[in-house]
Amino acid sequence: MKQIVLAMCLAGVCIGAFPAFGRTNSRSGDTVAHDWWKHAVFYEIYPRSFADSNGDGIGDLTGITAKLDYLKNLGVDAIWITPCFPSPQVDFGYDVSDYKNIDPLYGTLADFDKLVREAKKRNIRIILDFVVNHTSDQHPWFLDSRSSRTSAHRDWYIWRDGKGPGEPPNNWLSTFGGSAWKFDPATHQYYYHFFYPQQPDLNWRNPAVEKAMFEVTRWWYRRGVSGFRLDAVDTLFEDPRLTDNPILRPGSNAFGDPVEENKYNTKQPEVHEVLRGLRKIANEYNAVLIGETWTADVAELDKYYGEGSNELQLPMDFLFTMVNKLSPAQFRKQIAEVNAASGWPTFVISNHDIARSYDRYGDGAHNDEIAKLMAALYLTLRGTPIMYYGEEIGMETTPPARREDVKDPIGRRGWPKEKGRDGERTPMQWNESENAGFTTGTPWLPVPESYKTHNVAAESKDPSSILEFYKKLLRLRHTNSALLNGKYVAINENDANVLSYLRMNGSGGVVVALNMSSTAQNVALELKAQGFASVKSLLDSGPVTIKKSSVSLPPFGVLIGELTK
Ligand code: NOJ
Ligand code: CA
2 MKQIVLAMCL AGVCIGAFPA FGRTNSRSGD TVAHDWWKHA VFYEIYPRSF
52 ADSNGDGIGD LTGITAKLDY LKNLGVDAIW ITPCFPSPQV DFGYDVSDYK
102 NIDPLYGTLA DFDKLVREAK KRNIRIILDF VVNHTSDQHP WFLDSRSSRT
152 SAHRDWYIWR DGKGPGEPPN NWLSTFGGSA WKFDPATHQY YYHFFYPQQP
202 DLNWRNPAVE KAMFEVTRWW YRRGVSGFRL DAVDTLFEDP RLTDNPILRP
252 GSNAFGDPVE ENKYNTKQPE VHEVLRGLRK IANEYNAVLI GETWTADVAE
302 LDKYYGEGSN ELQLPMDFLF TMVNKLSPAQ FRKQIAEVNA ASGWPTFVIS
352 NHDIARSYDR YGDGAHNDEI AKLMAALYLT LRGTPIMYYG EEIGMETTPP
402 ARREDVKDPI GRRGWPKEKG RDGERTPMQW NESENAGFTT GTPWLPVPES
452 YKTHNVAAES KDPSSILEFY KKLLRLRHTN SALLNGKYVA INENDANVLS
502 YLRMNGSGGV VVALNMSSTA QNVALELKAQ GFASVKSLLD SGPVTIKKSS
552 VSLPPFGVLI GELTK
């Protein structure tokens with residue numbers, strides 16, 4: 002999927018300290034007044050795969066509600082649920098046919114309200130996924146739009162005449178394969194779809210579309226939602242003149258298409274007006290807007306914060322996920338760049354479109370150690386982390402072995418080069434029982450064999466597990482003021498094996514040292530220049546030896562230590 006998405010831008014102590022979800026912008030107890038989303042740890046749930054309460058093999062909202070205590074105990078402050086609205090499920094919910102309801106697969110609005118109530122009791126906020134660029138082709142708006150050239154909703158989508166018989170309006174390609182234009186014989190025009198043909202793009206130049214979509218956000222805020230993850234924001238607008246995109250490589254991608262630069266159908270300037278509008282409404286509800294922002298560099302990412310921070314609070318830094326190897330130099334560069342941006346960084350290491358971090362970084366021999374190391378990295382940086390379900394237990398990517406088993410349509414179309422995204426969407430591994438405790442029925446995707454060793458129940462009993470490491474780390478993150486508020490200071494910048502940095506807060510701070518190599522490393526930490534003499538371990542992942550400012554780390558070892566004078 003990585004190639005596809007690239008083409009698209011191609012203690013609980015603190016948890017309890019959140020004021021009830023009021024409209025205040027600051028938290029009591031902090032030395033610095035902070036917006037809640039700067040301190041919160043977010044956790045992405047793919048609802049189909051999290052917990053099934055009724056045995057149909059598909060996860061649901063009641064399943065999520067039943068796991069809230071688990072999430073609370075883990076140290077999660079907000080859950081982002083990928084689309085759970087009525088949908089034909091062509092793109093597993095990213096094809097919405099009703100923005101103001103819950104798909105019966107996942108439950109009812111009453112189940113949703115209960116989830117909000119139960120989450121609130123535990124100070125966990127709910128973030129929904131707002132599919133802003135397109136609807137399902139079964140949405141009543143589109144059904145009306147396609148019915149005639151003069152229908153009330155005709156201009157809610159992007160309809161154009163072809164260039165000639167059988168020729169689409171221009172050369173734009175769908176990121177999911179083939180032309181981005183589909184001919185509709187009913188009215189003899191083409192409609193535009195950046196994703197599947199069943200996901201027609203909305204025409205955001207039409208004020209009626211904007212009004213209706215803005216209203217959707219208010220409707221959910223009033224129901225108790227604390228924000229949205231905005232899907233595919235890069236794709237909201239297209240060049241109205243339909244200028245052809247430059248072809249980068251005439252050769253073929255996984256779908257047999259040329260590789261195109263999405264110059265005229267992504268990242269058009271008008272998107273910022275829409276984001277400013279959505280932000281104004283979000284501000285009324287003290288809500289957060291998270292962006293699915295695939296950018297070529299940090300300068301491009303920076304634009305999504307808006308001038309004077311009036312657009313997205315949390316545009317995701319996917320450039321971080323593109324550092325696809327344990328390279329201190331590359332991580333250093335990426336972290337420094339995003340820290341220099343005008344807004345607050347947002348870190349992810351995997352999600353439902355990206356292969357899981359466990360095997361992306363794992364070397365096959367030290368995968369558990371490396372999972373802890375990656376956790377220590379993105380959960381101690383200055384910024385907001387968004388975890389992906391299962392990461393905390395070391396779930397691995399398990400792509401289907403045969404084309405006929407693939408559920409994600411892009412995997413069937415692109416096989417074998419593109420196997421789709423099933424591999425990173427497998428059911429959550431709760432325990433050692435059948436189907437890993439995810440369902441009593443037949444799971445919609447097979448449960449990976451790794452569930453026998455990597456599951457919540459087993460790892461909860463093992464103090465050296467990945468899960469227990471995550472819990473300790475999150476507790477530290479919520480209670481240590483340097484990790485909450487401190488600035489990021491790079492040290493030992495020439496070390497090719499160990500990534501080290503400080504989080505400095507006033508006169509104190511924390512050092513993080515991450516051995517990204519498979520051999521033990523001795524590091525003389527450069528602390529003197531910052532006014533410190535030594536370190537005291539707060540959390541480590543194995544036998545670490547500290548002698549004043551010299552630290553010995555085992556292969557892939559982690560040290561998070563308090564700086565002492
Ligand atoms: C991005 C979502 O994360 C992905 O899963 C989906 O297929 C596309 N947007 C289209 O909505
Ligand atoms: Ca179910």
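Last residue of the sequence shown: 566 (this note's numbering), numbering continuous. Every residue, glycine too, gets a C-beta built ideally from N, C-alpha and C. In this text, all values refer to a predicted model and were calculated from it rather than measured experimentally.
Under 9 Å between C-beta atoms of residue i and residue j
i, j, result
"L578", "W157", "Residue coverage of the chain in this structure runs from 2 to 566, which leaves residue 578 outside it and unanswerable."
"M396", "P449", "yes"
"S351", "E293", "no"
"I336", "L382", "yes"
"F256", "G178", "yes"
"F319", "W295", "yes"
"Q199", "Q139", "yes"
"A181", "P169", "yes"
"D104", "Y197", "no"
"G56", "T427", "no"
"I59", "W445", "yes"
Neighbourhood of residue i by C-beta distance below 8 Å, restricted to the same chain and skipping five residues each side
i, result
"A341", "V299"
"I291", "F43, W81, I128, G228, F229, R230, L231, L313, Q314, L315, P316, M317, T347, I387"
"P556", "H367, E370, N516, S518, S519, T520, A521"
For residue i, the nearest candidate out of the options (CA to CA)
i, options, result
"V349", "Q331, L374, L380, E370", "L380"
"E393", "N74, D112, I59, N523", "N74"
"D235", "P259, E274, A213", "E274"
"S98", "K373, G108, P87, Y107", "P87"
"E494", "D364, K334, R476, V511", "K334"
"V91", "D61, E119, T136", "T136"
"A120", "V339, R155, N436, V77", "V77"
"V512", "K566, Y95, P84, G307", "K566"
"K212", "R357, G278, E285", "G278"
"L503", "T443, W416, L560, D303", "L560"
"L72", "D61, S501, R123", "R123"
"Y362", "F321, G344, V339", "F321"
"E338", "E308, R357, A67, Y489", "Y489"
Straight-line Cα distance separating residue j from residue i
i, j, result
"S553", "L528", "15 Å"
"G64", "P89", "21 Å"
"F533", "L378", "22 Å"
"L110", "A233", "25 Å"
"Y193", "K281", "29 Å"
"T385", "S148", "45 Å"
"R403", "K420", "9 Å"
"F195", "F238", "11 Å"
"A288", "V226", "8 Å"
"P241", "D162", "13 Å"
"G558", "P544", "8 Å"
"F22", "N102", "Note that F22 scores 49 on pLDDT, short of 50, meaning its location in the model is unreliable and no value can be drawn from it."
"W38", "D130", "16 Å"
"F219", "P329", "Phe is not the amino acid found at residue 219; the sequence shown has Arg there. Computed Cα separation, rounded: 43 Å."
"D53", "L116", "14 Å"
"T398", "L144", "37 Å"
"S310", "K304", "9 Å"
"Y47", "T83", "5 Å"
"M323", "A458", "32 Å"
"I125", "A79", "5 Å"
"E45", "D185", "37 Å"
Cβ neighbours of residue i in the same chain (closer than 7 Å, five flanking residues each side left out)
i, result
"S550", "A525, L526, L528, A534, S535, V536"
"G438", "W431, N432"
"K453", "E433"
"N506", "S482, A483, N486, G487"
"R24", "No answer about R24 holds up, because its pLDDT of 36 lies below 50 and its placement is not dependable."
"Y265", "E239, D240, T244, N246"
"D423", "P400, P401, V407, K408, D409, G412, L446"
"V132", "P84, Y95, V97, D232"
Contact test: residue i Cβ vs ligand 3 heavy atom, cutoff 8 Å
i, result
"T480", "Absence of ligand 3 from the depicted structure is noted, with ligand 1 and ligand 2 being the only ligands included."
Sequence-distant residues of the same chain with beta carbon closer than 6 Å to residue i, five excluded per side
i, result
"A372", "Y359, G395, I467"
"R150", "T188"
"P259", "I248, P251"
"A283", "L290"
"T32", "Any reading at T32 needs caution, since the residue's pLDDT is 39, under 50, leaving its predicted position unreliable; the model's value is listed next. Within the same chain, T32 has no close Cβ partners at all."
Chain C contact for residue i (CB, 9 Å cutoff)
i, result
"A525", "The structure shown has no chain C; it contains just one protein chain."
Residue ranges of each beta strand (DSSP E) run of no fewer than 3 residues wholly in the stretch 366-419, ordered along the chain?
385-389
Write down every uninterrupted run of the beta strand (DSSP E) in the stretch 161-238 whose length is 3 residues or greater and which is fully enclosed by it, in chain order.
182-185, 190-193, 228-231
My parser needs the alpha helix (DSSP H) runs of 4 or more residues fully inside the stretch 255-339; what are they?
272-285, 299-304
Open item on the list: Just to confirm the assignment: which complete beta strand (DSSP E) runs, minimum length 3, are found wholly within the stretch 115-156?
Closed with: 126-131
Pick out the complete beta strand (DSSP E) segments inside the stretch 520-555, 3 residues or longer, and give them in chain order. 522-525, 535-541, 546-548, 551-554
Self-check item: Length at least 3, wholly inside the stretch 429-497: the beta strand (DSSP E) runs in chain order
Solution: 488-492
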